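In case it helps, the numbering used here puts the sequence shown at residues 445 to 772.
Heads up, the beta-carbon is just placed ideally off N, CA and C, and yes, glycines get one too.
Every value quoted in this text rests on a predicted model; they were computed, and no experiment measured them.
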Amino acid sequence: MNNLFYIPLIIAWLILLFLILSESAKSKTKKISNKRLFKGELYNELNNFSYEAPFKWFIPEVEVKKKGKIIKDLKAEKKINELKSLISKANLGDKFNYKSFTVLKLIVFFLCAVGYVVFSILLDNSNVVMNILFNISYDAKKATEQVGGFNDSKIALVIILLIISLIPQMYLKMRAKRNEKKFLKDIPIVQLFITLMLRSNMSVNQILYVLSRTNTIYKETFGKAYRMFVRDNKSGLDFLRSSFKETKFEETVMILFQSKDYSKEEILHSLDNNMEDTVEFLNNMKQSADISKIVYSQASMIIPFAGTILLALAPIAIYGLTSLTQYT
């Protein structure tokens, strides 16, 4: 009963915090820029919050000021680059940057923390709450203490809330992995287009232009590479290589941009060989994915049987432990 007054205080504190952050973010937005970075209002608000306390305290910065000197934090830079890469692979660049996504994770974590506090208070004062809501007398704390599960229920709640707080990061990684498979799936088709266009004596500039107009998953990537290539060949090459980094298509990009140094027959032969390697790589990746699905399906069938066996063996184990304690 003594802790019940915390509930309205927590609710009032949350409302006050939300109003303060909303107003400060709006004022900060006017000072920083009038431009909208993202399509949705919610995503822009998350980005605005990243410039305000307490969220800005948890957002890593590459350059840190220590003892009057600006030092580059390599660990923070690595984390930022990893998060940027995941957002890019997940195709969520029009909704989040690394700052706004960090704010989303913090909000989910704060809500989970508040949920734990509220649940603990309600559990500690369950007799009063049940009496007010349903006009019955029931003390959940006393009932769970009798079976030794009061602390266990709180531990279980902590585990559940921690898992919930990790959902944004888990979703981002899953989406990035799924998009990465989609991204690699159409590479052989694009490579075939490039080979056919080279056979038609088209230049690199023309090839990039055609690919930037072709309706594929890489349309925006080739469009940006084409615009950069028109201004500076090297920057266009570097961007295209970074976009297809650690894929077989990176070798195709290198072959394409070195086409002036070799004969047409040599270039086409290299592209054909690389095409075979790309198809083989994608087939191996598909086979590994199929094997993972088979293992998962078999495991999902084993779990119910294993649970039934363990349930059947539980009385025997309890009887054995009871007998041992009696003899000792």
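Taking the Cβ atom as the reference point for each residue, do S529 and Y487 lie within a distance shorter than 8 Å?
no
Would you verify that the beta carbon of P504 is, or is not, closer than 8 Å to some beta carbon of chain B?
This model lacks chain B altogether, as it is built from one protein chain only.
From the DSSP output, in three-state form, read off Y740 for me.
Low confidence applies here, because Y740 scores a pLDDT of 48, under 50, leaving its location unreliable; read the following figure in that light. The answer is helix: DSSP assigns Y740 an H, G or I state.
Report the residue from E496, L712, F540 whose alpha carbon sits nearest the alpha carbon of K483.
F540
For L605, which residues of its own chain have a beta-carbon under 8 Å away from its beta-carbon, when the five flanking residues on both sides are left out?
C556, A557, G559, Y560
Would a C-beta distance cut-off of 8 Å place N718 and K692 closer than the cut-off?
yes
Going by DSSP, what residue range makes up the beta strand (DSSP E) through I515?
513-516
Can you look up A497 in the DSSP assignment and give me helix, strand or coil?
coil
Please say whether F666 and L681 have beta carbons closer to each other than 8 Å?
no
Can you list, in chain order, the stretches of the alpha helix (DSSP H) that have 4 or more residues and sit fully within the region 503-565?
518-533
Spatial distance of L715 from T696 (CA atoms)
7 Å
Compare the Cα-Cα distances from D517 to each of E526, E505, N525 and report the closest residue.
E505
Whole angstroms is fine: what's the gap from K514's alpha carbon to Q650's?
Just to set this straight, residue 514 is Ile in the shown sequence, not Lys. Straight-line Cα distance between these residues: approximately 45 Å.
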